[in-house]
Amino acid sequence: MHCLAVDSGNSFLKWAYLENNRKLLQNQVSNQELHKLLDVWQTLKTPDMIIVSQVSGQRLNTQLTRLFKIWNIQPHWICALAKQCGVTNSYANTDQLGSDRWAALIAAWNKFHESCVVVDVGTAMTVDVISDDGVFLGGIIIPGTYSLQKCIQCTTHVNLNDMAYQYHAFPVNTADAIYSGIIQALVGSIERMIQLYQFHHGMAVKHCLLSGGGRADLLPHINFDVTVIDNLVLEGLIHIAQDIQHKQNV
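Here the sequence shown is numbered in the numbering used here, starting from 699 and rising by one per residue.
Listed below in structure tokens is the structure:
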């Protein structure tokens, strides 16, 4: 089976093309440059399945729909379900959970089948928790590194784009203080969720997974064990595609 998996996020579209669950191509493009996908996708053998997580708004949904028309195939636009691929959703309104978070949770669970803190760092950072029996317990959403920088720039006269800055444990200038505060806030949020799991369950969470385009900012400042995965959302979409195919063949 040939499959096109598409993770359409707030800033970038990431995609992978697979043959029999083996990745042949993987790339990304900014949301302002989706037109560039046409030339690349036209060279691909027609996929048997297109599976999409899309959280980037109606305008991009329309653009993607047009792009998919180069093939005579109906894409699967995923949404969070009550249960799928071994993961149980605790949201009261299950489809309120973002499709990207749902796919990332499915990827994490199917990698370890044990409790996980699942961190995806992009425009926003999500920190979600899965129990040892595959239940999504809940999670938090906070602005990512760049979003927090923009927030500070919008409410103060400080523009980090005009400054050199780096992380310090004890910063002694404004630019370093802002950047270091952002890093500590994000890393601290992950640490807090790990601590909360242990507090509420009486045992340590087994795994912490770190993914997303913004992970490089955080990774040097993390002093606990993490498993780095480039794109958990794409990995989850592949699991969902396999699940759909299996059910179609039954």
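Idealized CB from N, CA, C, for every residue including glycine.
- Message: Quick check for students: name the residue ranges of the alpha helix (DSSP H) that lie wholly in the segment 721 to 756, counting only runs of 4 or more.
- Response: 735 to 739
- C-beta contact flag for glycine 832 and tryptophan 800 at 7 Å: no
- Beta bridge counterpart(s) of cysteine 906 as assigned by DSSP: Val815
- What is the DSSP secondary structure of isoleucine 881, reduced to helix, strand or coil? helix
- Query: Taking Cβ positions only, does valine 924 come closer than 7 Å to chain D?
  - Reply: As a matter of chain content, chain D is missing from the structure shown, which is built from one protein chain.
- Task: Whole angstroms is fine: what's the gap from proline 841's alpha carbon to alanine 822's?
- Result: 4 Å
- Item | Selected residue, minimal CA-CA separation from histidine 899, among Phe922, Ile828, Leu884 and Ile839 | Ile828
- Item | Beta-carbon spacing of cysteine 777, aspartate 793 below 7 Å | yes
- Query: Nearest-angstrom Cα distance between glycine 784 and asparagine 759?
  - Reply: 28 Å
- Message: Just to confirm before moving on: does the CB-CB distance between aspartate 826 and valine 816 stay below 7 Å?
- Response: yes
- Item | Simplified DSSP assignment, three categories, for asparagine 718 | coil
- Message: Does the segment 879 to 886 come into contact with the segment 913 to 921, if we say contact requires no fewer than three beta-carbon pairs (one atom in each stretch) closer than 8 Å?
- Response: yes
- Task: Put proline 841 into one of helix, strand or coil per three-state DSSP.
- Result: strand
- Query: Thinking C-alpha only, which one of Gln740, Cys849 and Gly755 is nearest phenylalanine 766?
  - Reply: Gln740
- Message: Please state whether the Cβ-Cβ distance between isoleucine 892 and threonine 843 is less than 7 Å.
- Response: no
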